[in-house]
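Counting from 1, position 80 in the sequence shown corresponds to residue 162 in the numbering used here; the numbering is continuous, with no gaps.
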Amino acid sequence: MSDLVVVVYPDEQKAEEIRQRLFELQKEYLIRIGDAVIAVKNDKGQVKLNQLMNTTAVGAASGGLWGLLIGAIFLMPLVGAAIGAASGAVGGALTDFGINDKFMKELGEKLQPGNAALFVLVQGVTGDKVLEELRGTGGEVLKTSLDHSKEQALREALAAHPITPEAAAATAAPTS
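Shown next as structure tokens:
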């Protein structure tokens, strides 16, 4: 089962920094991410989605390859590639993986201009370790599908002061 977490940051740069940190945690097998999208509201009130994968481009590339192969069989590789790329692009544009785009744009309308919302679809997580890594990064939880206790733990971790190396050493030092 996946959980959705939406956190608002003051700008797109901070949201991207956190998204990249989550990808690093994924490489360490501490979190499994199904999708991670940044929604930004510009000064004109338009919401832009910064997605990981452009489904139109992926569809066009895949369709072009298959069209080229099928076209080669019928001795018309260029025509096959062109038809395959066009149909793949249309199919890719109509495909929506992960978090629903319409939902993200509707929620993005609630943002203040310049703010960014990080949408993360979490498929698995080692909660305590990930929360420690996100401790003090700021951000305000806008929406989650987490239960109340996990949501509260996330809010507290984001708002808490980060642990500095000096503070960690002081708490780890044995007292005599």
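Quick reminder that beta carbons are idealized off the backbone N, C-alpha and C, glycines included.
Query raised in the report: Who are R114's beta bridge partners in DSSP?
Result: G206
Report task. Below 6 Å CB to CB, which residues in the same chain sit around Q133 once its five sequence neighbours on both sides are set aside? Result -> V119
Report task. State the CB to CB distance for the pair L200 and I100, rounded to an integer number of angstroms; the pair is presumed to be in contact (CB under 8 Å). Result -> 6 Å
Query raised in the report: Using the C-alpha atoms, what's the distance from G209 back to S231?
Result: 12 Å
Requested in this report: Quick one: residues in its chain with C-beta nearer than 6 Å to the C-beta of T226, no 5 flanking neighbours on either side, listed in chain order?
Outcome: V87 and E233
Query raised in the report: How is V140 classed by DSSP in three states: helix, strand or coil?
Result: Any reading at V140 is ruled out, since the residue's pLDDT is 49, under 50, leaving its predicted position unreliable.
Report task. Determine the DSSP secondary structure at E42, reduced to helix, strand or coil. Result -> The structure shown has nothing for residue 42, since the chain only spans 83 to 258.
Query raised in the report: Expressed to the nearest angstrom, what Euclidean distance is found between the alpha-carbon atoms of A97 and S84?
Result: 21 Å
Query raised in the report: If we ignore side chains and look at the alpha-carbon of each, how far apart do K211 and Q95 end up?
Result: 24 Å
Query raised in the report: Exposed or buried, N136, counting other C-beta atoms within 10 Å across all chains shown (16 or more means buried)?
Result: With a pLDDT of 48 at N136, under the threshold of 50, the modelled position of that residue is not reliable, and the figure given next carries that caveat. The residue in question, N136, is exposed, as its Cβ has fewer than 16 Cβ neighbours within 10 Å.
Query raised in the report: Should L228 and L236 be called a contact, given that it needs their Cβ atoms to be closer than 9 Å?
Result: yes
Report task. Could you tell me whether the Cβ atoms of D183 and L107 are closer together than 9 Å? Result -> no
Requested in this report: Answer yes or no: do E222 and V89 have a C-beta to C-beta separation smaller than 9 Å?
Outcome: yes
Query raised in the report: Below 9 Å between beta carbons: does that hold for A239 and L216?
Result: yes
Query - Delimiting residues of the beta strand (DSSP E) encompassing L86 - result: D85 to Y91
Report task. Note down, in chain order, each residue of its chain lying with its Cβ closer than 7 Å to the Cβ of D178, except the 5 sequence neighbours on either side. Result -> At D178, the pLDDT of 47 sits below 50, so the modelled position is not reliable; the number obtained from the coordinates is stated separately. Taken in chain order, the list of residues that qualify is empty.
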